[in-house]
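Our numbering puts the first residue of the sequence shown at -4, with every later residue one more than the last.
Notes to accompany the following structure.
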Amino acid sequence: MPLLRGSEANGAASGLVRLMHRAVFRAYCRNHSNNPGIIYIMIYYHDLHIKNDMDNYPSHLKNPFPALRRLNLSLLLTFDSLMQTLSVTESALRLHKSQPAVSRELARLRALLDDPLFVVVKKRLVPTERAIDLYRVSHQALTALEIAAGSGQPFSPASLTGVISVGAAAHIELLLAAPLTLALQKAAPGLTVRFQPVHGDFVPDDLDSDSMDLAIGLFQTPGARFRHKTLFEDERVCVVSSAHPLALRDQLTLADLAQVKWLAFSHMYGRQTNFTRALNDIDCEMPFTAYVSNFGLAPHFLLETDYATTMPKRIASKYQQYYDLTQIRLPEILRQANMVMVWSEKNEHSQLNRWLRETTEHIIAGLSDT
-4 MPLLRGSEAN GAASGLVRLM HRAVFRAYCR NHSNNPGIIY IMIYYHDLHI
46 KNDMDNYPSH LKNPFPALRR LNLSLLLTFD SLMQTLSVTE SALRLHKSQP
96 AVSRELARLR ALLDDPLFVV VKKRLVPTER AIDLYRVSHQ ALTALEIAAG
146 SGQPFSPASL TGVISVGAAA HIELLLAAPL TLALQKAAPG LTVRFQPVHG
196 DFVPDDLDSD SMDLAIGLFQ TPGARFRHKT LFEDERVCVV SSAHPLALRD
246 QLTLADLAQV KWLAFSHMYG RQTNFTRALN DIDCEMPFTA YVSNFGLAPH
296 FLLETDYATT MPKRIASKYQ QYYDLTQIRL PEILRQANMV MVWSEKNEHS
346 QLNRWLRETT EHIIAGLSDT
């Protein structure tokens, strides 16, 4: 929100204040839509009186915006920046303020709201539940105010510059990297698209620090400060060379698993995944005795050995277009492989992040299942 920052925000014209009041109130109503009755609002901009039938509503609404009167736009902008960067240093640069000034404003916010708002984890700020709840409402209001105060132009990918970072498991990167890059750069020629590896359980650090815009993989349900959506449901299969002794089998049994030599990706070594948890649940062993640093090597490795590996069926079918490989069904308890897209709660209403998510979903929907 480049138009309003620092001391400029404190001197905003009364028209902007009116817009802010309306935006905040509408956001409040959206988040409390289960309240009974109809709200009739008449805002008198000089005295900020609200006249309505509000006997069934919280008393603080009868005295308009008592909490907001303790804050100012500059504090809200500082809070918004801290939620996006999770860094006092980066927020200071973004807001053109000194680090001590940002720290003082954070201290003031903590005192006014009687909440720490952020705690330090691994040298990064992690928002509290109160901060996340506040951000849901305040960011919508600030976004509405920025659009009204600025040109009012809708989001335009064509004007974007910079880097989009997508965390992707090796399997989904094979499927998604080329078509997503082409789609993003066609709409936004100024963007650079960067894919980063993510494997095993979902680790939120990169999304927290804004070094990654999205993460896509075979994740468990992430924590409360993240949003997620299943992109597609798939079946995990065993893949071997067509010359492998098991290649004529249609399906493996649980007893077969311990008799096969298994290949995995080196990032999986010693880590818990949905797959290893499923094995633990049935007290079953699979001897993973080889790990490769790049899973793109897997087809070549399989063709030259008697090893087997597992992957989503969609990915196996993609590999079979180029390599002489065979799919074998796994025991039912090991088959589930749902590809999940995860993003930070603080980017839920970001127009850029929403566009990235929608483009990703569109690409996935257009891909063949085989």
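The beta-carbon is built from N, C-alpha and C at its ideal position, and this holds for glycine as well.
Please read all numbers here as calculations on a predicted model, not as lab measurements.
Cβ-Cβ distance between residue i and residue j below 8 angstroms
| i | j | result |
| --- | --- | --- |
| I277 | I328 | yes |
| P294 | L320 | yes |
| R330 | R244 | no |
| T354 | L175 | yes |
| A253 | E280 | yes |
Between the CA atoms of residue j and residue i - distance to the nearest angstrom
| i | j | result |
| --- | --- | --- |
| M334 | S154 | 31 angstroms |
| E124 | L68 | 22 angstroms |
| L169 | V115 | 36 angstroms |
| P61 | L107 | 12 angstroms |
| A242 | R349 | 43 angstroms |
| P152 | A183 | 5 angstroms |
| I359 | I167 | 10 angstroms |
| T248 | L186 | 48 angstroms |
| P111 | L72 | 17 angstroms |
| L137 | F74 | 11 angstroms |
| F113 | L120 | 6 angstroms |
| Q191 | N289 | 13 angstroms |
| A178 | P95 | 42 angstroms |
| L347 | K92 | 25 angstroms |
| H27 | E141 | Only weak support exists for where H27 lies, its pLDDT of 43 falling under 50; the coordinates are left without a value. |
| A332 | K117 | 31 angstroms |
| A139 | H357 | 27 angstroms |
| Q180 | R64 | 44 angstroms |
| Y314 | P240 | 20 angstroms |
| Q316 | G361 | 18 angstroms |
| L258 | P217 | 27 angstroms |
| T271 | L70 | 46 angstroms |
| V97 | Y318 | 56 angstroms |
| N307 | S206 | The amino acid at residue 307 is misidentified as Asn; the sequence shows Pro. For P307 and S206, the distance between alpha carbons rounds to 27 angstroms. |
| A144 | V287 | 54 angstroms |
| R89 | R99 | 16 angstroms |
| A173 | A219 | 31 angstroms |
| D50 | M263 | With a pLDDT of 48 at D50, under the threshold of 50, the predicted position of this residue should be treated as unreliable, and no value is reported. |
Of the residues the options, the one placed nearest residue i, counting alpha carbons only
| i | options | result |
| --- | --- | --- |
| R352 | A250, L258, L171 and H262 | L171 |
| V193 | R119, P174, F214 and L175 | F214 |
| L81 | L107, A126 and K92 | A126 |
| S261 | S93, E340, K224 and L292 | L292 |
| D229 | K117, G212 and A219 | G212 |
| A250 | K313, Q79 and P282 | P282 |
| D208 | L362, S345 and L66 | S345 |
| Q246 | R89, T216 and P326 | P326 |
| A210 | G218, A219 and H223 | H223 |
| T156 | T284, H134, S288 and V188 | V188 |
| D285 | R272, L90 and G265 | Sequence check: residue 285 is Ala here, not Asp. Checked all of R272, L90 and G265; the closest Cα to A285 is G265. |
| Q135 | E343, H357 and L362 | E343 |
| L66 | R89, D109 and T216 | D109 |
| A165 | R309, Y317 and G361 | R309 |
Inter-residue CB distance, residue i and residue j (contact presumed, cutoff 8 angstroms)
| i | j | result |
| --- | --- | --- |
| V337 | L202 | 7 angstroms |
| M78 | P122 | 6 angstroms |
| K256 | A303 | 7 angstroms |
| F221 | S339 | 6 angstroms |
Are there three or more Cβ pairs, one per stretch, closer than 8 angstroms when the region 293 to 309 is compared with the region 232 to 249?
The region 293 to 309 vs the region 232 to 249: in contact.
Check whether the region 84 to 94 and the region 103 to 115 touch, using three or more Cβ-Cβ pairs below 8 angstroms as the test.
At 8 angstroms Cβ cutoff, the stretches do not touch.
Taking three-plus beta-carbon pairs below 8 angstroms as touching, is the region 125 to 133 in contact with the region 155 to 163?
Verdict: no, contact absent.
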